[in-house]
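Taken in order, the sequence shown gives residues 11 to 125; the numbers are from the numbering used here.
Notes follow the structure.
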Amino acid sequence: MPYVITDACIDVMDRTCIDECPVDCIYQGDRKLYINPAECIDCGACEPVCPVSAISQDRKVPEEKKPFAADNARFFEVPLPGRDEPLGAPGGAGDLGRVGVDTELVATYEGSVST
Ligand code: F3S
Ligand code: F3S
11 MPYVITDACI DVMDRTCIDE CPVDCIYQGD RKLYINPAEC IDCGACEPVC
61 PVSAISQDRK VPEEKKPFAA DNARFFEVPL PGRDEPLGAP GGAGDLGRVG
111 VDTELVATYE GSVST
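Okay, here's the thing in structure tokens:
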């Protein structure tokens, strides 16, 4: 089960998690970061370093944050705004660089799903 980043990351984007990931699978949108479920090796190194506790294993995400757990996969599986193809599994966030756009859920987020 991969790790996921939930809504607490939105507009915070501390980015300490990126330094901890051994497979470089944490990608930067515009307001939030996303973990690629096809590339995450479930090591858990990113979870304790996030200052706002935005990261957890997907099966441990509380019910009210489940939409954001699923949204990590959507970032890679559905074409993002302004793009024709989904990102898929680029094989490294550092090489890809900042993506700069978000899923619709995150782009339109105003705090209503947060606890
Ligand atoms: Fe976001 Fe926390 Fe990483 S705020 S960028 S998930 S360290
Ligand atoms: Fe996945 Fe986090 Fe490790 S994104 S590979 S659990 S550092």
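Positions of the beta carbon are idealized from the N, C-alpha and C atoms, including for glycine.
Status (buried if at least 16 other CB within 10 Å, exposed otherwise) for Lys-42: With 16 or more Cβ atoms within 10 Å of its Cβ, Lys-42 is classed as buried.
With 16 other Cβ atoms within 10 Å as the buried cut-off, status of Thr-118: Residue burial annotation: Thr-118 is exposed, with fewer than 16 other C-beta atoms found within 10 angstroms of its C-beta.
Proximity test, Ile-15 beta-carbon vs ligand 1 heavy atom, cut-off 6 Å: Using a cutoff of 6 Å, the CB of Ile-15 counts as near ligand 1, since one of the ligand's heavy atoms is closer than that.
Residues sharing a beta bridge with Leu-43, DSSP: Under DSSP, the beta-bridge partners assigned to Leu-43 are Gln-38.
Length of the line joining the Cα atoms of Thr-113 and Tyr-44: Rounded to the nearest whole angstrom, the CA to CA distance from Thr-113 to Tyr-44 is 10 Å.
Candidates Leu-90, Asp-29 and Glu-49, of which the one nearest Val-14 by Cα: Ranking Leu-90, Asp-29 and Glu-49 by CA distance to the CA of Val-14 puts Glu-49 first.
Neighbour-count burial assignment, Ala-103, 16 or more Cβ in a 10 Å radius: Answer is buried; the Cβ neighbour count reaches 16.
Completely contained beta strand (DSSP E) runs for the segment 50–97, where each covers 3 or more residues: Those beta strand (DSSP E) runs which fall completely within the segment 50–97 and span 3+ residues are 65–67.
Assumed close pair Cys-31, Ala-55 - CB separation to whole angstroms, cut-off 8 Å: Their Cβ separation, rounded to whole angstroms, is 7 Å, which keeps Cys-31 and Ala-55 in contact under 8 Å.
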